[in-house]
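Take a look at the structure set out below.
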Amino acid sequence: MGQAARAGRSVRALDEVDRRIVDELVRDGRTSVRTLAERIHISRTNAYARVERLVRDGVITGFRAQVAPEAAGLGTSAYMALTIEQNTWREVSAELAQVRYVEHVALLSGEHDVLALVRAPDNAALRDVVLDRVQRISGVLSTRSWLVFEEFEGTQSPWQ
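Shown next, in the form of structure tokens:
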């Protein structure tokens with residue numbers, strides 16, 4: 013992957029067909045190449061080649077199941093903002109990656125340095141994540157948490 017892609021910039025813009033492929037696969041990662049080709053009105057060979065290129069170029073980074081956290085026993089979700097010591101992002105992020113129940117981590121600009129999404133079975137487990145695991149990571153100066161009461165996916169895909 014090129015430096016531009018790592019820095020959060022697109023290497024090149026996706027064309028209309030690539031965007032439609034990505035949109036279909038985001039909706040259902042198990043869509044077959046045959047079905048993909050039929051839905052987009054391109055040949056199977058073209059669909060296969062484009063999907064392979066999108067994977068090779070790092071546009072598509074994997075295929076996975078979407079899980080409903082509550083149905084899977086993770087009934088408490090929270091966003092946790094961290095303030096960290098300057099120049100400790102690499103060490104802090106490596107430690108956060110090892111904390112059970114931390115689903116997503118992002119480096120931010122602004123008031124807080126890091127935002128993490130935590131999905132835990134209950135409030136006691138969430139408390140343990142915040143107080144016993146995260147606040148003990150070297151470089152973490154403070155945390156602030158917000159409980160999630162309800163979530164939904166946006167209806168306007170950026171790939172359409």
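Heads up: the sequence shown begins at 13 in the numbering used here, then just goes up one per residue. Ideal placement from N, C-alpha and C gives every residue a C-beta, glycine not left out. All values derive from a computational prediction rather than experimental measurement.
- Contact between Ala-128 and Leu-94 holds: CB atoms are separated by about 7 Å, below the 8 Å threshold.
- According to the DSSP assignment, Tyr-91 belongs to the beta strand (DSSP E) that extends over 88-96.
- In the structure shown, the three-state DSSP call for Thr-155 is strand.
- Secondary structure at Arg-112: coil, using DSSP grouped into helix, strand and coil.
- As DSSP reads the structure, Val-126 sits in a beta bridge with Leu-94 and Leu-119.
- Between Phe-75 and Arg-42, the alpha-carbon positions lie close to 8 Å from each other.
- Taken in chain order, the complete alpha helix (DSSP H) segments of 4 or more residues contained in the stretch 53-89 are 56-68.
- Of the residues assessed, Val-126 falls on the buried side of the cut-off, its CB having 16 or more other CB atoms within 10 angstroms.
- DSSP lists no bridge partner for Ala-25.
- With contacts defined by Cβ atoms closer than 8 Å, Val-130 and Glu-115 form a contacting pair.
- For Arg-42, the secondary structure class from DSSP, reduced to helix, strand or coil, is coil.
- Rounded to whole angstroms, Ile-96 and Arg-56 show a C-alpha spacing of 49 Å.
- Shown here, Arg-131 sits in a strand according to DSSP, grouped into three states.
- Looking from the CA of Tyr-60, the closest CA among Asp-30, Glu-82 and Tyr-91 belongs to Asp-30.
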